[in-house]
Amino acid sequence: MERRSFISSLTLTCCSLIFSSQAKAIVASGIGAPPPQPHHMIEFEALGGVGDGDPNTGRGTDNARAFARAETMAQQGYGIKFKPRASYKTTEQINIHSMYWVGDETSSPIIFGWFSEKGKKIIGRSNKKDPLSVCIMGINFHRCGPFAEHGIVIDNIERLYFDGAVTSEPGAQGGAIGISPFFPERRHSRNCFIKARINNSGDFGVQLGSVSGAIIDVTATDCYREVIGIEPVVSGTMEINKANIVGNDISVIDPDLPNGTPILYCYGSNSRGPLTPGKHYFVIKNDNHTISLADSRESSAKGHKLDLKLLEGEHYFAKSAVVEDIAIRFAKIIDNHAKKPTLYANTMGYIVITGNSGGYMNNIKLDNVYIEGNQIYKSGKSVGIYVQGAEDLILSNINVHGCDDAVVVSDGWLNGMFDERGRPIRIENGYSKLSSKNILVTDPNLTDFRSHGVLFRGNGGTLRGGKFSSRVKDAKLVVRE
11 MERRSFISSL
21 TLTCCSLIFS
31 SQAKAIVASG
41 IGAPPPQPHH
51 MIEFEALGGV
61 GDGDPNTGRG
71 TDNARAFARA
81 ETMAQQGYGI
91 KFKPRASYKT
101 TEQINIHSMY
111 WVGDETSSPI
121 IFGWFSEKGK
131 KIIGRSNKKD
141 PLSVCIMGIN
151 FHRCGPFAEH
161 GIVIDNIERL
171 YFDGAVTSEP
181 GAQGGAIGIS
191 PFFPERRHSR
201 NCFIKARINN
211 SGDFGVQLGS
221 VSGAIIDVTA
231 TDCYREVIGI
241 EPVVSGTMEI
251 NKANIVGNDI
261 SVIDPDLPNG
271 TPILYCYGSN
281 SRGPLTPGKH
291 YFVIKNDNHT
301 ISLADSRESS
311 AKGHKLDLKL
321 LEGEHYFAKS
331 AVVEDIAIRF
341 AKIIDNHAKK
351 PTLYANTMGY
361 IVITGNSGGY
371 MNNIKLDNVY
381 IEGNQIYKSG
391 KSVGIYVQGA
401 EDLILSNINV
411 HGCDDAVVVS
421 DGWLNGMFDE
431 RGRPIRIENG
441 YSKLSSKNIL
451 VTDPNLTDFR
461 SHGVLFRGNG
471 GTLRGGKFSS
481 RVKDAKLVVR
491 E
(Lines of atoms letter the chains of each structure in order from A; the text may use other names.)
(Lines give C-alpha, C1' and ligand atoms only; values in the text may rest on other atoms or scores of the structure.)
Protein backbone atom coordinates (compact mmCIF):
# COMPACT_ATOMS: atom_id res chain seq x y z
CA MET A 11 0.00 0.00 0.00
CA GLU A 12 1.22 3.51 -0.82
CA ARG A 13 1.96 5.30 2.43
CA ARG A 14 3.46 8.56 1.19
CA SER A 15 3.63 10.40 -2.09
CA PHE A 16 6.81 10.94 -4.04
CA ILE A 17 8.60 14.16 -3.21
CA SER A 18 8.36 16.99 -5.67
CA SER A 19 10.52 17.13 -8.77
CA LEU A 20 12.01 20.39 -7.47
CA THR A 21 13.19 18.68 -4.31
CA LEU A 22 14.60 15.79 -6.32
CA THR A 23 16.46 18.14 -8.62
CA CYS A 24 17.93 20.03 -5.68
CA CYS A 25 18.93 16.76 -4.03
CA SER A 26 20.67 15.58 -7.22
CA LEU A 27 22.50 18.88 -7.61
CA ILE A 28 23.68 18.80 -4.03
CA PHE A 29 24.99 15.26 -4.36
CA SER A 30 26.58 16.04 -7.73
CA SER A 31 28.74 18.70 -6.11
CA GLN A 32 29.63 16.31 -3.29
CA ALA A 33 30.58 13.52 -5.69
CA LYS A 34 32.79 15.91 -7.65
CA ALA A 35 34.51 16.79 -4.39
CA ILE A 36 35.36 13.10 -3.89
CA VAL A 37 36.97 12.81 -7.33
CA ALA A 38 38.64 16.21 -7.16
CA SER A 39 40.48 15.18 -3.99
CA GLY A 40 42.83 13.07 -6.15
CA ILE A 41 41.66 9.72 -4.80
CA GLY A 42 41.51 8.18 -8.28
CA ALA A 43 45.08 9.04 -9.29
CA PRO A 44 48.03 6.75 -8.46
CA PRO A 45 50.77 8.28 -6.33
CA PRO A 46 54.13 9.07 -7.94
CA GLN A 47 56.55 6.17 -8.26
CA PRO A 48 59.40 6.18 -5.73
CA HIS A 49 62.82 7.22 -6.99
CA HIS A 50 64.14 3.76 -6.18
CA MET A 51 62.56 0.47 -7.32
CA ILE A 52 63.94 -2.97 -6.49
CA GLU A 53 63.08 -6.44 -7.79
CA PHE A 54 61.50 -8.72 -5.20
CA GLU A 55 63.98 -11.41 -6.26
CA ALA A 56 66.83 -9.16 -5.07
CA LEU A 57 65.37 -9.55 -1.57
CA GLY A 58 65.43 -13.34 -1.79
CA GLY A 59 61.98 -13.73 -3.32
CA VAL A 60 61.29 -16.77 -5.48
CA GLY A 61 58.18 -16.98 -7.66
CA ASP A 62 57.91 -20.76 -7.96
CA GLY A 63 54.80 -21.36 -5.85
CA ASP A 64 51.83 -23.53 -6.79
CA PRO A 65 48.50 -22.24 -5.35
CA ASN A 66 46.86 -25.61 -6.07
CA THR A 67 49.22 -27.71 -3.95
CA GLY A 68 51.01 -25.21 -1.72
CA ARG A 69 54.38 -26.30 -3.04
CA GLY A 70 57.12 -23.77 -3.63
CA THR A 71 59.52 -21.49 -1.79
CA ASP A 72 58.26 -19.75 1.33
CA ASN A 73 58.77 -16.01 0.81
CA ALA A 74 57.86 -14.91 4.35
CA ARG A 75 61.37 -13.55 5.03
CA ALA A 76 61.55 -11.84 1.66
CA PHE A 77 58.27 -10.02 2.37
CA ALA A 78 59.68 -8.91 5.73
CA ARG A 79 62.74 -7.52 3.90
CA ALA A 80 60.41 -5.73 1.48
CA GLU A 81 58.86 -3.91 4.44
CA THR A 82 62.34 -2.84 5.59
CA MET A 83 63.19 -1.57 2.13
CA ALA A 84 59.91 0.33 1.96
CA GLN A 85 60.93 2.20 5.10
CA GLN A 86 64.02 3.32 3.18
CA GLY A 87 61.90 4.67 0.32
CA TYR A 88 62.06 1.72 -2.09
CA GLY A 89 59.22 0.43 -4.21
CA ILE A 90 58.99 -3.30 -4.98
CA LYS A 91 58.66 -4.81 -8.46
CA PHE A 92 57.21 -8.31 -8.91
CA LYS A 93 57.81 -10.42 -12.02
CA PRO A 94 55.01 -11.11 -14.50
CA ARG A 95 53.40 -14.58 -14.19
CA ALA A 96 55.47 -15.40 -11.08
CA SER A 97 53.69 -17.02 -8.14
CA TYR A 98 54.90 -16.12 -4.64
CA LYS A 99 53.96 -18.23 -1.63
CA THR A 100 54.03 -17.02 1.98
CA THR A 101 53.25 -18.91 5.16
CA GLU A 102 53.12 -15.75 7.25
CA GLN A 103 50.75 -12.82 7.13
CA ILE A 104 52.21 -9.71 5.49
CA ASN A 105 51.80 -6.64 7.68
CA ILE A 106 50.47 -3.58 5.91
CA HIS A 107 52.95 -0.71 5.75
CA SER A 108 53.60 2.34 3.60
CA MET A 109 54.37 0.57 0.36
CA TYR A 110 54.55 0.82 -3.41
CA TRP A 111 54.15 -2.61 -5.03
CA VAL A 112 53.93 -3.07 -8.80
CA GLY A 113 53.28 -6.18 -10.85
CA ASP A 114 51.98 -6.43 -14.40
CA GLU A 115 48.49 -5.52 -15.58
CA THR A 116 48.30 -8.13 -18.36
CA SER A 117 50.31 -10.98 -16.78
CA SER A 118 49.78 -10.38 -13.09
CA PRO A 119 52.05 -12.11 -10.59
CA ILE A 120 50.26 -14.04 -7.84
CA ILE A 121 50.84 -13.70 -4.10
CA PHE A 122 49.13 -16.42 -2.09
CA GLY A 123 49.00 -17.34 1.56
CA TRP A 124 49.33 -21.00 2.57
CA PHE A 125 48.54 -20.90 6.27
CA SER A 126 48.53 -23.63 8.92
CA GLU A 127 46.02 -21.93 11.19
CA LYS A 128 42.84 -19.87 11.05
CA GLY A 129 42.53 -16.11 11.18
CA LYS A 130 45.42 -14.99 8.98
CA LYS A 131 45.19 -12.62 6.05
CA ILE A 132 47.50 -12.38 3.07
CA ILE A 133 47.92 -8.72 4.04
CA GLY A 134 46.72 -7.73 7.51
CA ARG A 135 46.69 -4.71 9.75
CA SER A 136 49.76 -3.62 11.67
CA ASN A 137 50.34 -1.74 14.92
CA LYS A 138 52.15 1.17 13.25
CA LYS A 139 50.91 4.45 14.70
CA ASP A 140 51.45 6.73 11.71
CA PRO A 141 48.79 6.57 8.95
CA LEU A 142 49.96 4.64 5.90
CA SER A 143 50.23 5.40 2.19
CA VAL A 144 49.70 2.26 0.10
CA CYS A 145 49.89 1.67 -3.64
CA ILE A 146 49.38 -1.82 -5.13
CA MET A 147 49.05 -2.29 -8.89
CA GLY A 148 48.96 -5.28 -11.21
CA ILE A 149 49.09 -8.05 -8.55
CA ASN A 150 46.68 -10.92 -7.93
CA PHE A 151 46.26 -11.96 -4.29
CA HIS A 152 44.93 -15.52 -4.18
CA ARG A 153 43.14 -17.09 -1.20
CA CYS A 154 43.77 -20.83 -1.09
CA GLY A 155 45.17 -23.63 1.01
CA PRO A 156 43.85 -25.37 4.15
CA PHE A 157 42.78 -22.05 5.72
CA ALA A 158 41.73 -19.85 2.82
CA GLU A 159 40.24 -16.89 4.66
CA HIS A 160 40.82 -13.18 4.14
CA GLY A 161 42.76 -11.52 1.36
CA ILE A 162 43.52 -7.94 2.45
CA VAL A 163 42.14 -6.55 5.72
CA ILE A 164 43.77 -3.29 6.78
CA ASP A 165 43.21 -0.04 8.66
CA ASN A 166 44.90 3.27 9.52
CA ILE A 167 45.24 4.21 5.85
CA GLU A 168 45.92 7.80 4.85
CA ARG A 169 45.90 6.97 1.14
CA LEU A 170 45.22 3.75 -0.75
CA TYR A 171 45.48 3.11 -4.46
CA PHE A 172 44.62 -0.50 -5.33
CA ASP A 173 44.31 -1.72 -8.92
CA GLY A 174 44.54 -5.48 -8.88
CA ALA A 175 42.74 -8.72 -8.12
CA VAL A 176 41.78 -10.79 -5.10
CA THR A 177 40.73 -14.26 -6.16
CA SER A 178 39.85 -17.36 -4.21
CA GLU A 179 39.27 -21.07 -4.34
CA PRO A 180 35.53 -21.91 -4.23
CA GLY A 181 34.17 -22.22 -0.72
CA ALA A 182 36.74 -19.99 0.97
CA GLN A 183 35.62 -18.23 4.13
CA GLY A 184 36.37 -14.62 5.01
CA GLY A 185 36.51 -11.97 2.34
CA ALA A 186 38.56 -10.20 -0.30
CA ILE A 187 39.26 -6.61 0.80
CA GLY A 188 38.29 -5.02 4.10
CA ILE A 189 39.12 -1.39 4.88
CA SER A 190 38.82 -0.67 8.62
CA PRO A 191 36.01 -3.20 9.00
CA PHE A 192 34.28 -5.02 11.85
CA PHE A 193 36.74 -5.33 14.72
CA PRO A 194 36.30 -2.69 17.47
CA GLU A 195 40.00 -1.77 17.66
CA ARG A 196 40.20 -0.88 13.98
CA ARG A 197 41.36 2.63 13.10
CA HIS A 198 39.85 5.04 10.61
CA SER A 199 41.05 5.16 6.98
CA ARG A 200 40.65 7.77 4.28
CA ASN A 201 41.27 8.52 0.59
CA CYS A 202 40.86 5.00 -0.81
CA PHE A 203 40.68 4.07 -4.49
CA ILE A 204 39.84 0.41 -5.08
CA LYS A 205 39.61 -1.03 -8.57
CA ALA A 206 39.35 -4.72 -7.82
CA ARG A 207 38.64 -7.88 -9.74
CA ILE A 208 37.37 -10.57 -7.40
CA ASN A 209 35.75 -14.01 -7.55
CA ASN A 210 34.38 -16.47 -4.99
CA SER A 211 34.58 -13.70 -2.42
CA GLY A 212 33.12 -15.71 0.47
CA ASP A 213 31.66 -13.66 3.32
CA PHE A 214 32.35 -10.31 1.63
CA GLY A 215 34.03 -8.77 -1.38
CA VAL A 216 34.94 -5.16 -0.56
CA GLN A 217 33.85 -4.10 2.92
CA LEU A 218 34.09 -0.57 4.35
CA GLY A 219 33.79 -0.13 8.09
CA SER A 220 35.33 3.25 8.95
CA VAL A 221 36.36 5.23 5.86
CA SER A 222 36.23 8.85 4.71
CA GLY A 223 36.54 9.35 0.97
CA ALA A 224 36.56 6.34 -1.35
CA ILE A 225 35.95 5.34 -4.96
CA ILE A 226 34.96 1.69 -5.39
CA ASP A 227 35.04 -0.01 -8.82
CA VAL A 228 34.55 -3.77 -8.55
CA THR A 229 34.28 -6.46 -11.22
CA ALA A 230 33.10 -9.66 -9.55
CA THR A 231 32.12 -13.15 -10.64
CA ASP A 232 30.51 -15.95 -8.62
CA CYS A 233 30.34 -14.00 -5.36
CA TYR A 234 27.20 -14.87 -3.44
CA ARG A 235 26.97 -12.25 -0.71
CA GLU A 236 28.00 -8.69 0.13
CA VAL A 237 30.22 -8.20 -2.88
CA ILE A 238 30.25 -4.58 -1.75
CA GLY A 239 29.34 -3.89 1.85
CA ILE A 240 29.12 -0.69 3.86
CA GLU A 241 28.62 -1.35 7.55
CA PRO A 242 30.12 1.11 10.04
CA VAL A 243 30.18 -0.24 13.58
CA VAL A 244 30.71 1.15 17.08
CA SER A 245 34.05 1.06 18.86
CA GLY A 246 33.74 1.47 22.57
CA THR A 247 31.35 3.00 25.05
CA MET A 248 31.22 6.12 27.18
CA GLU A 249 29.31 6.44 30.45
CA ILE A 250 28.33 9.76 32.00
CA ASN A 251 26.27 10.77 35.02
CA LYS A 252 25.24 13.99 36.69
CA ALA A 253 28.68 14.36 38.27
CA ASN A 254 30.22 14.53 34.77
CA ILE A 255 28.01 17.44 33.68
CA VAL A 256 28.60 21.10 34.44
CA GLY A 257 26.02 23.24 32.68
CA ASN A 258 26.00 21.90 29.11
CA ASP A 259 29.55 20.55 29.24
CA ILE A 260 30.57 16.94 29.90
CA SER A 261 33.88 15.93 31.42
CA VAL A 262 35.26 12.91 29.56
CA ILE A 263 38.09 10.45 30.03
CA ASP A 264 38.55 9.77 26.30
CA PRO A 265 40.43 12.68 24.68
CA ASP A 266 40.11 11.11 21.22
CA LEU A 267 36.80 12.75 20.41
CA PRO A 268 37.46 15.41 17.77
CA ASN A 269 34.85 17.97 16.83
CA GLY A 270 31.97 16.44 14.88
CA THR A 271 32.51 12.85 16.09
CA PRO A 272 29.18 10.97 16.01
CA ILE A 273 28.24 9.13 19.18
CA LEU A 274 25.18 6.93 19.55
CA TYR A 275 22.99 7.41 22.61
CA CYS A 276 22.15 3.94 23.91
CA TYR A 277 20.15 4.32 27.11
CA GLY A 278 19.87 6.19 30.38
CA SER A 279 18.45 5.62 33.84
CA ASN A 280 16.42 8.84 33.65
CA SER A 281 14.48 9.94 30.60
CA ARG A 282 14.48 13.66 31.34
CA GLY A 283 16.46 15.75 28.90
CA PRO A 284 16.84 16.11 25.13
CA LEU A 285 18.46 12.75 24.30
CA THR A 286 16.69 9.98 22.36
CA PRO A 287 18.03 6.39 22.49
CA GLY A 288 19.14 5.07 19.11
CA LYS A 289 19.99 8.54 17.78
CA HIS A 290 23.39 9.95 16.83
CA TYR A 291 24.65 13.11 18.48
CA PHE A 292 27.79 15.01 17.56
CA VAL A 293 30.71 16.15 19.66
CA ILE A 294 31.61 19.77 20.27
CA LYS A 295 35.12 19.60 21.67
CA ASN A 296 35.64 22.39 24.14
CA ASP A 297 39.13 21.35 25.30
CA ASN A 298 41.02 18.16 26.16
CA HIS A 299 38.83 17.60 29.19
CA THR A 300 35.29 18.57 28.23
CA ILE A 301 32.88 18.14 25.35
CA SER A 302 29.34 19.25 24.59
CA LEU A 303 26.76 17.67 22.29
CA ALA A 304 24.96 18.90 19.19
CA ASP A 305 22.01 17.33 17.37
CA SER A 306 23.69 17.54 13.92
CA ARG A 307 27.13 17.94 12.38
CA GLU A 308 26.16 21.38 11.20
CA SER A 309 25.23 22.42 14.72
CA SER A 310 28.47 20.91 15.99
CA ALA A 311 30.50 23.00 13.54
CA LYS A 312 28.66 26.13 14.65
CA GLY A 313 29.05 25.31 18.33
CA HIS A 314 25.32 25.05 19.02
CA LYS A 315 25.14 23.05 22.25
CA LEU A 316 22.26 20.93 23.44
CA ASP A 317 20.81 21.84 26.82
CA LEU A 318 21.89 19.03 29.16
CA LYS A 319 20.86 20.61 32.43
CA LEU A 320 17.95 18.21 32.88
CA LEU A 321 20.05 15.07 32.52
CA GLU A 322 20.05 12.95 35.64
CA GLY A 323 21.13 9.42 36.45
CA GLU A 324 23.53 7.41 34.29
CA HIS A 325 23.72 7.58 30.50
CA TYR A 326 25.52 5.36 28.01
CA PHE A 327 26.91 6.28 24.59
CA ALA A 328 28.76 4.31 21.91
CA LYS A 329 31.44 5.90 19.76
CA SER A 330 30.45 5.37 16.12
CA ALA A 331 32.63 4.61 13.14
CA VAL A 332 32.03 6.80 10.09
CA VAL A 333 31.69 5.88 6.42
CA GLU A 334 31.29 9.02 4.32
CA ASP A 335 31.97 10.49 0.87
CA ILE A 336 31.83 7.15 -0.94
CA ALA A 337 31.29 6.72 -4.68
CA ILE A 338 30.53 3.17 -5.89
CA ARG A 339 30.62 3.38 -9.66
CA PHE A 340 30.89 1.10 -12.71
CA ALA A 341 30.73 -1.99 -10.52
CA LYS A 342 29.85 -5.19 -12.38
CA ILE A 343 28.71 -8.24 -10.43
CA ILE A 344 27.78 -11.51 -12.15
CA ASP A 345 26.86 -14.51 -10.02
CA ASN A 346 26.33 -17.78 -11.85
CA HIS A 347 26.94 -20.51 -9.27
CA ALA A 348 25.62 -23.12 -11.67
CA LYS A 349 22.19 -21.42 -11.75
CA LYS A 350 20.72 -23.94 -9.31
CA PRO A 351 19.32 -23.81 -5.77
CA THR A 352 21.94 -23.41 -3.07
CA LEU A 353 22.05 -24.14 0.63
CA TYR A 354 23.11 -20.61 1.53
CA ALA A 355 20.87 -18.78 3.98
CA ASN A 356 19.50 -15.31 3.24
CA THR A 357 22.56 -13.30 2.26
CA MET A 358 20.89 -9.85 2.38
CA GLY A 359 22.25 -8.71 -0.97
CA TYR A 360 25.08 -8.47 -3.46
CA ILE A 361 25.48 -4.86 -2.36
CA VAL A 362 24.57 -4.20 1.27
CA ILE A 363 24.45 -0.80 2.98
CA THR A 364 23.33 -1.02 6.58
CA GLY A 365 23.34 1.07 9.71
CA ASN A 366 22.32 -1.82 11.95
CA SER A 367 25.69 -1.95 13.70
CA GLY A 368 25.45 1.58 15.06
CA GLY A 369 27.86 3.44 12.78
CA TYR A 370 27.25 6.72 10.96
CA MET A 371 26.98 7.16 7.17
CA ASN A 372 26.96 10.28 5.04
CA ASN A 373 27.18 11.15 1.33
CA ILE A 374 27.13 7.75 -0.38
CA LYS A 375 26.27 7.27 -4.03
CA LEU A 376 25.93 4.23 -6.30
CA ASP A 377 26.10 5.01 -10.00
CA ASN A 378 26.19 2.77 -13.08
CA VAL A 379 26.15 -0.49 -11.16
CA TYR A 380 25.35 -3.76 -12.98
CA ILE A 381 24.23 -6.87 -11.09
CA GLU A 382 23.27 -10.21 -12.60
CA GLY A 383 22.12 -12.53 -9.85
CA ASN A 384 21.21 -16.03 -10.98
CA GLN A 385 21.03 -17.82 -7.65
CA ILE A 386 17.83 -19.32 -6.28
CA TYR A 387 17.99 -19.83 -2.54
CA LYS A 388 16.42 -22.72 -0.66
CA SER A 389 15.99 -20.38 2.32
CA GLY A 390 15.75 -16.62 2.06
CA LYS A 391 15.89 -14.53 -1.10
CA SER A 392 18.57 -13.17 -3.35
CA VAL A 393 18.60 -9.38 -3.35
CA GLY A 394 20.49 -7.14 -5.75
CA ILE A 395 20.91 -4.06 -3.55
CA TYR A 396 19.80 -4.07 0.08
CA VAL A 397 19.65 -0.79 2.00
CA GLN A 398 18.74 -1.08 5.65
CA GLY A 399 18.64 1.62 8.29
CA ALA A 400 20.64 4.08 6.17
CA GLU A 401 20.33 7.81 5.49
CA ASP A 402 21.11 10.19 2.64
CA LEU A 403 21.88 7.69 -0.12
CA ILE A 404 21.45 7.97 -3.89
CA LEU A 405 21.20 4.99 -6.25
CA SER A 406 21.30 6.12 -9.87
CA ASN A 407 21.44 4.17 -13.15
CA ILE A 408 21.24 0.85 -11.36
CA ASN A 409 20.94 -2.28 -13.53
CA VAL A 410 19.81 -5.44 -11.71
CA HIS A 411 18.82 -8.63 -13.50
CA GLY A 412 17.61 -11.97 -12.21
CA CYS A 413 17.31 -11.56 -8.42
CA ASP A 414 14.25 -12.31 -6.29
CA ASP A 415 14.15 -8.65 -5.21
CA ALA A 416 16.16 -6.21 -7.31
CA VAL A 417 16.27 -3.30 -4.82
CA VAL A 418 15.12 -3.31 -1.20
CA VAL A 419 15.03 -0.19 0.99
CA SER A 420 14.07 -1.16 4.51
CA ASP A 421 14.07 0.10 8.06
CA GLY A 422 16.55 -1.71 10.27
CA TRP A 423 17.23 -2.56 13.88
CA LEU A 424 20.20 -1.64 15.97
CA ASN A 425 21.72 -4.99 16.81
CA GLY A 426 25.01 -6.79 16.66
CA MET A 427 26.79 -3.94 18.46
CA PHE A 428 29.71 -4.76 20.73
CA ASP A 429 32.01 -2.69 22.91
CA GLU A 430 35.81 -2.77 22.96
CA ARG A 431 35.73 -5.94 25.09
CA GLY A 432 33.34 -7.77 22.82
CA ARG A 433 30.34 -7.36 25.10
CA PRO A 434 26.92 -6.66 23.54
CA ILE A 435 25.72 -3.04 23.64
CA ARG A 436 22.02 -2.70 24.23
CA ILE A 437 19.63 0.06 23.20
CA GLU A 438 16.82 1.13 25.50
CA ASN A 439 13.67 -0.89 24.91
CA GLY A 440 11.44 0.53 22.21
CA TYR A 441 14.14 2.61 20.52
CA SER A 442 16.14 0.05 18.56
CA LYS A 443 14.28 0.55 15.28
CA LEU A 444 16.42 2.33 12.72
CA SER A 445 14.50 4.14 9.98
CA SER A 446 15.93 4.56 6.50
CA LYS A 447 15.72 8.21 5.49
CA ASN A 448 16.26 10.18 2.30
CA ILE A 449 17.02 7.21 0.03
CA LEU A 450 16.64 8.19 -3.62
CA VAL A 451 16.44 5.52 -6.35
CA THR A 452 16.60 7.19 -9.73
CA ASP A 453 16.30 5.70 -13.25
CA PRO A 454 16.89 2.02 -12.40
CA ASN A 455 16.73 -0.67 -15.07
CA LEU A 456 15.38 -3.82 -13.38
CA THR A 457 14.57 -7.02 -15.27
CA ASP A 458 13.65 -10.66 -14.60
CA PHE A 459 13.10 -10.17 -10.89
CA ARG A 460 11.06 -12.95 -9.34
CA SER A 461 9.28 -11.08 -6.52
CA HIS A 462 9.82 -7.31 -6.52
CA GLY A 463 11.50 -4.69 -8.65
CA VAL A 464 11.73 -2.10 -5.86
CA LEU A 465 10.49 -2.95 -2.40
CA PHE A 466 10.16 -0.10 0.11
CA ARG A 467 9.65 -1.22 3.70
CA GLY A 468 8.97 1.98 5.59
CA ASN A 469 8.76 5.58 4.45
CA GLY A 470 12.41 6.36 3.75
CA GLY A 471 12.67 5.62 0.04
CA THR A 472 11.74 7.59 -3.07
CA LEU A 473 11.70 6.38 -6.67
CA ARG A 474 12.10 8.54 -9.77
CA GLY A 475 11.72 7.05 -13.24
CA GLY A 476 13.06 3.67 -14.20
CA LYS A 477 12.38 0.66 -16.44
CA PHE A 478 10.87 -2.55 -15.06
CA SER A 479 10.16 -5.89 -16.69
CA SER A 480 9.78 -9.45 -15.47
CA ARG A 481 8.65 -12.70 -17.06
CA VAL A 482 7.41 -13.97 -13.70
CA LYS A 483 3.63 -13.71 -13.61
CA ASP A 484 3.18 -12.57 -10.01
CA ALA A 485 6.23 -10.31 -9.80
CA LYS A 486 5.46 -6.78 -8.63
CA LEU A 487 7.16 -3.70 -10.02
CA VAL A 488 7.13 -1.31 -7.05
CA VAL A 489 5.73 -2.11 -3.62
CA ARG A 490 5.49 -0.13 -0.39
CA GLU A 491 4.82 -2.06 2.78
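Going from the sequence shown to this note's numbering is simple: count from 1 and add 10. The beta-carbon is built from N, C-alpha and C at its ideal position, and this holds for glycine as well.
In this structure, residue 51 and residue 88 form a Cβ contact; the two beta carbons are roughly 7 Å apart against a cut-off of 8 Å. Distance from the CA atom of residue 179 to the CA atom of residue 392, rounded to whole angstroms, is 22 Å. Here residue 381 really is in contact with residue 360; their C-beta atoms are around 5 Å apart, less than 8 Å. Taking all protein chains in view, the Cβ of residue 156 is surrounded by fewer than 16 other Cβ atoms within 10 Å, so the residue is classified as exposed. Secondary structure at residue 83: helix, using DSSP grouped into helix, strand and coil. Annotation for residue 304: the continuous beta strand (DSSP E) segment containing it runs 300-304. When secondary structure is reduced to three states using DSSP, residue 108 falls in the coil class, being assigned neither helix nor strand. In the DSSP annotation of this structure, residue 311 is not part of any beta strand (DSSP E); the continuous alpha helix (DSSP H) holding it starts and ends at 307-312. Residue 241 and residue 101 do not touch by the CB rule: their CB atoms are close to 31 Å apart, not below 8 Å. Bounds of the beta strand (DSSP E) holding residue 462 are 462-467. For residue 151, the enclosing beta strand (DSSP E) starts and ends at 142-153.
Under the three-state reduction of DSSP, residue 334 is assigned to strand. In the same chain as residue 231, and ignoring 5 residues on each side of it, the C-beta atoms closer than 6 Å to its own belong to 209 and 344, in chain order.
For residue 456, the secondary structure class from DSSP, reduced to helix, strand or coil, is strand. Residue 177 places its beta carbon less than 9 Å from that of residue 207. The three-state secondary structure of residue 115, taken from DSSP, is coil.
Within the DSSP secondary-structure output, residue 249 pairs in a beta bridge with 326. Taking every protein chain shown into account, the CB of residue 49 has fewer than 16 other CB atoms within 10 angstroms, so this residue is exposed.
Residue 472 is classed as buried because its beta carbon has at least 16 other beta carbons within 10 Å across all chains shown. When beta bridges are read from the DSSP output, residue 292 appears opposite 272 and 304. The beta-carbon distance between residue 131 and residue 107, rounded to whole angstroms, is 14 Å. This is too long to meet the 8 Å contact definition.
Note on residue 220: 16 or more other CB atoms within 10 angstroms of its CB, so buried under the neighbour-count rule.
The C-beta of residue 69 has fewer than 16 other C-beta atoms within 10 Å across all chains shown, which makes the residue exposed. By the criterion of a C-beta distance shorter than 7 Å, residue 289 is surrounded in its chain by 275, once the five residues flanking it on both sides are discounted. Taken through DSSP and simplified to helix, strand or coil, residue 75 comes out as helix. For the pair residue 193 and residue 287, the Cα-to-Cα distance works out to about 23 Å.
Residue 76 and residue 53 have their alpha carbons spaced roughly 11 Å apart. Under DSSP, residue 171 takes part in a beta bridge, and its partners are 145 and 203. Here residue 83 has 52, 57 and 90 as same chain residues with Cβ atoms under 8 Å from its own Cβ, once five neighbours each way along the sequence are excluded.
Under DSSP, residue 398 takes part in a beta bridge, and its partners are 364 and 420. For residue 490, the enclosing beta strand (DSSP E) covers residues 486-490.
Per DSSP, the continuous beta strand (DSSP E) segment holding residue 217 begins and ends at 214-218. As a beta-bridge residue in DSSP terms, residue 185 pairs with 214. Within the same chain, Cβ atoms closer than 6 Å to the Cβ of residue 491 are found at 467, the five residues on either side in sequence being excluded. With fewer than 16 other CB atoms across the displayed protein chains lying within 10 angstroms of its CB, residue 256 is exposed. Partner residues in a beta bridge of residue 95, as assigned by DSSP, do not exist.
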